[in-house]
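Heads up: the structure comes next, in C-alpha cells.
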Amino acid sequence: MKFFKQFISGKNFCGNFKDICGKKESEYAPCVHKTKADQLFMQCCMQYIPNDCHILCKYEVEEVEARQLLLHSIKFGSCDLKYISTVLYCASQNQDNRECCEYLSLADEKLGVGKRCLRMCDPAGLRIGRIHRKDITCLYNWNVIMYCHQSGIPIE
1 MKFFKQFISG KNFCGNFKDI CGKKESEYAP CVHKTKADQL FMQCCMQYIP
51 NDCHILCKYE VEEVEARQLL LHSIKFGSCD LKYISTVLYC ASQNQDNREC
101 CEYLSLADEK LGVGKRCLRM CDPAGLRIGR IHRKDITCLY NWNVIMYCHQ
151 SGIPIE
C-alpha cells in the first residue's frame, strides 16, 4: 500500500511505472487497464469455453463481487466446474503468475491447503485438471487469482 500512496501523491516516486507494473515493486499493480484486459480475457473465452461460462471472463478483483460471480455461475449451473481450468488459462493469458499469488498470501499455511492454490496462478504450466474439494479454499479467493492474472498481462 505504501507504493500506491506514494504513486498517487507523487511523493518519493522515481522512474517509470511501466518498468515496475506487474512486479513486486508495485505490489503487482496491473500494467494493462481493466477494460483492455477484460477484452483479451473474453476473446480467449469465446474461443475455448461455452457461452454459459463467459460471465466468469472478466477480471473481477473486488472480493465480494468475485465470490458472488463465481458462486452464482456454479450454483445455478450456468458454468460447469470442468471449465474452470480453461477460464483460468484464459485469465492467465499463458503467463505464470505464481509469484504474485504467493506475495498475496495464496500459499499461506493459514489456508490449510499448502501451495495447492498456486496451480490456479499458472494453469498452463501446472495443469489443474479436475477441481477437488480442497480447491474450494482457492476458489474462495477468486479475486486474488484474478488480480494476479490481470497483473501478469504484459504491456504490448
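Heads up: the sequence shown at position 118 corresponds to 118 in the UniProt record's numbering, and the numbers run straight through without jumps.
Built from N, CA and C at the ideal position, the CB exists for glycine as well.
Helix, strand or coil at residue i [DSSP, three-state]
i, result
"Arg98", "helix"
"residue 157", "Shown here, the chain extends from 1 to 156; a query on residue 157 therefore has no answer."
"Phe13", "For Phe13, the predicted model reports a pLDDT of 44, less than 50, meaning its position is unreliable; a value from the coordinates is still stated below. Coil at Phe13, not helix or strand."
"Asp108", "coil"
"Pro30", "coil"
"Gly125", "helix"
"Pro76", "Residue 76 is actually Phe in this sequence, not Pro. It is coil, neither helix nor strand."
"Ile8", "Residue placement at Ile8 cannot be trusted, given a pLDDT of 37 that sits under 50; what the coordinates show is reported in the next sentence. The answer is helix: DSSP assigns Ile8 an H, G or I state."
"Ile131", "coil"
"Ile155", "coil"
"Asn143", "helix"
"Lys2", "Caution is warranted here: a pLDDT of 46 is assigned to Lys2, below 50, making its placement in the model unreliable, and the coordinate value is therefore given only provisionally. Reduced to three states, the DSSP call for Lys2 is helix."
"Glu60", "coil"
Proximity test, Cβ basis, 8 Å: residue i and chain D
i, result
"Cys138", "No chain D is part of this structure, which consists of one protein chain only."
For residue j and residue i, believed in contact at Cβ under 8 Å, the rounded distance
i, j, result
"Ser105", "Tyr28", "Going by Cβ atoms, the distance from Ser105 to Tyr28 rounds to 12 Å, so no, they are not a contact pair."
"Glu116", "Cys100", "It is worth fixing the name first, because residue 116 is Arg in this sequence and not Glu. At roughly 16 Å, the Cβ-Cβ gap does not stay under 8 Å, so Arg116 and Cys100 are not in contact."
"Lys24", "Ile155", "Not really, about 17 Å apart at Cβ, beyond 8 Å."
"Ile153", "Pro30", "7 Å"
"Asn97", "Asp122", "6 Å"
"Cys45", "Val87", "7 Å"
"Tyr103", "Pro50", "With a Cβ gap of about 33 Å, Tyr103 and Pro50 do not count as contacting."
Query raised in the report: Between the region 139-146 and the region 85-105, are three or more C-beta pairs nearer than 8 Å?
Result: yes
Requested in this report: Kindly confirm or deny that the region 60-74 and the region 98-112 touch, where touching means at least three C-beta pairs closer than 8 Å.
Outcome: no
Query raised in the report: Should the region 73-82 be called in touch with the region 50-57, which here means at least 3 C-beta pairs below 8 Å?
Result: yes
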